[in-house]
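Number of protein chains: 2
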Amino acid sequence: MKTAAVPSDDQIDISTQSIRDTIRDAIVDRRLAPGTKLSEADVGALFNVSRTLVRAALQALAYEGLVNVEKNRGAFVAYPSPEEARQIFATRRLIEPGILREAAKHMGPSHLQHLRQLLMEEGRLMAERGQTARRAEIKASGDFHLMLASMTGNAVMQRFMDELVARSSLVIALYGQSAISSCGHQEHDDIVTAIENGDLDRACHLMIHHIDHIEADLDMRENKGSDLREAFGL
Amino acid sequence: MKTAAVPSDDQIDISTQSIRDTIRDAIVDRRLAPGTKLSEADVGALFNVSRTLVRAALQALAYEGLVNVEKNRGAFVAYPSPEEARQIFATRRLIEPGILREAAKHMGPSHLQHLRQLLMEEGRLMAERGQTARRAEIKASGDFHLMLASMTGNAVMQRFMDELVARSSLVIALYGQSAISSCGHQEHDDIVTAIENGDLDRACHLMIHHIDHIEADLDMRENKGSDLREAFGL
DNA sequence: GCGCAAAAAATCGTATACAATTTGACCACT
DNA sequence: AGTGGTCAAATTGTATACGATTTTTTGCGC
Numbered sequence: 001m002k003t004a005a006v007p008s009d010d011q012i013d014i015s016t017q018s019i020r021d022t023i024r025d026a027i028v029d030r031r032l033a034p035g036t037k038l039s040e041a042d043v044g045a046l047f048n049v050s051r052t053l054v055r056a057a058l059q060a061l062a063y064e065g066l067v068n069v070e071k072n073r074g075a076f077v078a079y080p081s082p083e084e085a086r087q088i089f090a091t092r093r094l095i096e097p098g099i100l101r102e103a104a105k106h107m108g109p110s111h112l113q114h115l116r117q118l119l120m121e122e123g124r125l126m127a128e129r130g131q132t133a134r135r136a137e138i139k140a141s142g143d144f145h146l147m148l149a150s151m152t153g154n155a156v157m158q159r160f161m162d163e164l165v166a167r168s169s170l171v172i173a174l175y176g177q178s179a180i181s182s183c184g185h186q187e188h189d190d191i192v193t194a195i196e197n198g199d200l201d202r203a204c205h206l207m208i209h210h211i212d213h214i215e216a217d218l219d220m221r222e223n224k225g226s227d228l229r230e231a232f233g234l
Numbered sequence: 001m002k003t004a005a006v007p008s009d010d011q012i013d014i015s016t017q018s019i020r021d022t023i024r025d026a027i028v029d030r031r032l033a034p035g036t037k038l039s040e041a042d043v044g045a046l047f048n049v050s051r052t053l054v055r056a057a058l059q060a061l062a063y064e065g066l067v068n069v070e071k072n073r074g075a076f077v078a079y080p081s082p083e084e085a086r087q088i089f090a091t092r093r094l095i096e097p098g099i100l101r102e103a104a105k106h107m108g109p110s111h112l113q114h115l116r117q118l119l120m121e122e123g124r125l126m127a128e129r130g131q132t133a134r135r136a137e138i139k140a141s142g143d144f145h146l147m148l149a150s151m152t153g154n155a156v157m158q159r160f161m162d163e164l165v166a167r168s169s170l171v172i173a174l175y176g177q178s179a180i181s182s183c184g185h186q187e188h189d190d191i192v193t194a195i196e197n198g199d200l201d202r203a204c205h206l207m208i209h210h211i212d213h214i215e216a217d218l219d220m221r222e223n224k225g226s227d228l229r230e231a232f233g234l
């Protein structure tokens, strides 16, 4: 029963932050289905820590919008409503063009190379098959936007984008149709090209359309989503 | 002892959220000076709760950027560096025009009236003297921006603006020179007028200049601010 | 067999207890 | 007097304990 054989016999001091990051990765990668209950005792048992640390991690995740905590009932992996999803993408449309311009200001040749490198990795993943590859693809797609944010040198914007990308990943995993990401990759490429050419207006234009396309590919009909599924126990 | 009859004698169930809000108000109003240590035991004693709840509140505030938590040392009221301050205002310049346009989309006559009402209250406070009035003035000035955010109907933007306004208030309290706010009030008024006239371009323009003016009024020389003072035990 | 009430179990909310780390003081020593 | 080191006090980090609330189960009457 205590077969924790894999990483090493005993765990090596897992702190609140690691717990939070691990759970977040699991949520964003959709290894944890939306609506799943995250019992404090269960999670604590998995990480071999007390409920105290688990609670702290769950509260932080609640602040990021990745889990919902209901008083006296527990924490659940967030199940973003279509309305929430729209708000998330509306916010991205609002701030990402600005981030793009700000990032471009501070961008040098090495930064552009990093972006190209990321795109290559993204393309490589796209070619592969299987759920693992698809998860990595979604993740890489988000990393492109995060890298732009990091290039602004603005920690506040970076944190906002962290949250937006994480929640977007959750939404895409929930409502996404699938074939879309290929388009997304090409659009990332076009955006970088526009930046390289110094045509920021075009880059922003492309960025907005890119976000539009991501959102347009979602199938946010309620049946797939809201209460029914959760009511049936998963 | 169980006479919960009157809500005054004993405390009336102070939850984590109330603690967080109370501390935040105190920070934003600058009743708690930046750099002040927030000892878990002391705060807990003040609210008559255990350290558990205080810790939760402090962690949440740390996430909002209003307190810094240093491992094994404790929580301190944030002391935003000039660099942080610039990033905060850069972020506001980036998103507030968008919020303005988004809010204008959903705005009806009643919304405009609410804005006007807020401005009147702001003007009334401006006329008064004393530190209390000045605090209320800073708060009211922030409320204007928050009300615009709430009018977008977008909870994500609203949360972002909550954080930005709170941190801005802290920065203004720290580095602000004083006489400025009068200008700010007039600028708020002009923005509303532009919205009423349907001239959104002008409103956005005014908004950006307004944020510029707020930032320009700050005196962010390091001596007043960063490490020295904190190093000297305050 | 079905529905409902009451008890039992499970889970969360909060407080307290104990371990680990930091901070400050005191004292010996150069 | 100044410096370094060790110990004590205070503070945070984490776990555990206990009460409150919710959920499930049980048992009874119909």
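If you read the sequences in order, they're chains X and A.
Going by full-length UniProt numbering, the first sequence opens with residue 1, and the numbers climb by one from there.
Going by full-length UniProt numbering, the second sequence opens with residue 1, and the numbers climb by one from there.
Just so you know, even glycine gets a beta-carbon here, dropped at the ideal spot from N, CA and C.
In this text the structure is predicted, and so the values were computed from the model without any measurement.
Might you give, ordered along the chain, the residues of its own chain that have their beta carbon closer than 8 Å to the beta carbon of residue i, omitting 5 neighbours on each side?
| i | result |
| --- | --- |
| residue 191 of chain A | 100, 203, 206, 207 and 210 |
| residue 140 of chain A | 118, 121, 122 and 125 |
| residue 187 of chain X | 206, 209, 210 and 213 |
| residue 200 of chain A | 100, 101, 104 and 194 |
| residue 50 of chain A | 44 |
| residue 146 of chain X | 158, 161, 162 and 165 |
Assign residue i to buried or exposed, taking buried as 16 or more other Cβ atoms, counted over all protein chains shown, within 10 Å of its Cβ.
| i | result |
| --- | --- |
| residue 214 of chain A | buried |
| residue 95 of chain A | buried |
| residue 198 of chain X | exposed |
| residue 151 of chain X | buried |
| residue 117 of chain X | exposed |
| residue 172 of chain A | buried |
| residue 14 of chain A | exposed |
| residue 158 of chain X | buried |
| residue 70 of chain X | exposed |
| residue 216 of chain A | exposed |
| residue 136 of chain X | buried |
| residue 224 of chain X | Below a pLDDT of 50, predicted positions are generally treated as unreliable, and residue 224 of chain X, at 44, falls in that range; the measurement from the model is reported next regardless. It is exposed - the Cβ of residue 224 of chain X has fewer than 16 other Cβ atoms within 10 Å. |
With C-beta atoms as the reference, is residue i less than 9 Å away from residue j?
| i | j | result |
| --- | --- | --- |
| residue 84 of chain A | residue 166 of chain A | no |
| residue 89 of chain A | residue 168 of chain A | yes |
| residue 79 of chain A | residue 218 of chain A | no |
| residue 185 of chain A | residue 119 of chain A | yes |
| residue 31 of chain X | residue 212 of chain X | no |
| residue 97 of chain A | residue 220 of chain A | no |
| residue 91 of chain A | residue 68 of chain X | no |
| residue 52 of chain X | residue 52 of chain A | yes |
| residue 87 of chain X | residue 43 of chain A | no |
| residue 196 of chain X | residue 61 of chain X | no |
Who are the Cβ neighbours of residue i in its own chain at under 6 Å, not counting the five residues just before and after it?
| i | result |
| --- | --- |
| residue 9 of chain A | Low local confidence applies: a pLDDT of 39 at residue 9 of chain A is under 50, so the model's placement there is unreliable, and no value is given. |
| residue 5 of chain A | Caution applies to residue 5 of chain A, whose pLDDT of 33 falls short of 50 and renders its modelled position unreliable; the value that the coordinates give is listed next. Counting only Cβ-Cβ distances below 6 Å, and skipping sequence neighbours, we find nothing. |
| residue 103 of chain A | 148, 151 and 152 |
| residue 28 of chain A | 166 and 169 |
| residue 160 of chain A | none |
| residue 189 of chain X | 119 |
With a threshold of 8 Å (Cβ to nearest heavy atom), would residue i be considered close to the ligand ZN?
| i | result |
| --- | --- |
| residue 42 of chain X | Although the ligand ZN was asked about, the structure shown includes no ligands whatsoever. |
Apart from the five residues just before and just after residue i, which ones in its own chain have a Cβ nearer than 7 Å to its Cβ?
| i | result |
| --- | --- |
| residue 163 of chain X | 64 and 65 |
| residue 143 of chain A | 118 |
| residue 176 of chain A | 217 and 218 |
| residue 41 of chain X | 51 |
| residue 26 of chain X | 32 |
| residue 133 of chain X | 125 |
Item to complete: Indicate whether the contact test is met: 3 or more Cβ pairs, each with one atom in the segment 122 to 131 of chain A and one in the segment 98 to 110 of chain A, closer than 8 Å.
Response: The segment 122 to 131 of chain A makes no contact with the segment 98 to 110 of chain A: fewer than 3 CB pairs, one atom from each, lie closer than 8 Å.
Discussion item. Measuring CB atoms only, is the segment 71 to 83 of chain X touching the segment 28 to 47 of chain X, in the sense that at least three cross pairs come out at less than 8 Å?
Written reply: Taking 8 Å as the limit for Cβ pairs, the verdict is that the segment 28 to 47 of chain X does touch the segment 71 to 83 of chain X.
Worksheet item: Are the segment 15 to 35 of chain A and the segment 53 to 62 of chain A touching by the rule of at least three beta carbon pairs closer than 8 Å?
Response: The answer is yes - the segment 53 to 62 of chain A touches the segment 15 to 35 of chain A, with three or more Cβ pairs under 8 Å.
Practice prompt. Ignoring anything shorter than 3 residues or poking outside the segment 48 to 122 of chain A, list the beta strand (DSSP E) runs there in chain order.
Written response: Along the length of the segment 48 to 122 of chain A, whole beta strand (DSSP E) runs at least 3 residues long occupy 67 to 70 and 74 to 77, reported in chain order.
Worksheet entry | Complete alpha helix (DSSP H) runs within the segment 154 to 205 of chain X (minimum length 4 residues, chain order) | Listed in chain order, the complete alpha helix (DSSP H) runs (minimum 4 residues) inside the segment 154 to 205 of chain X are 155 to 175 and 181 to 196.
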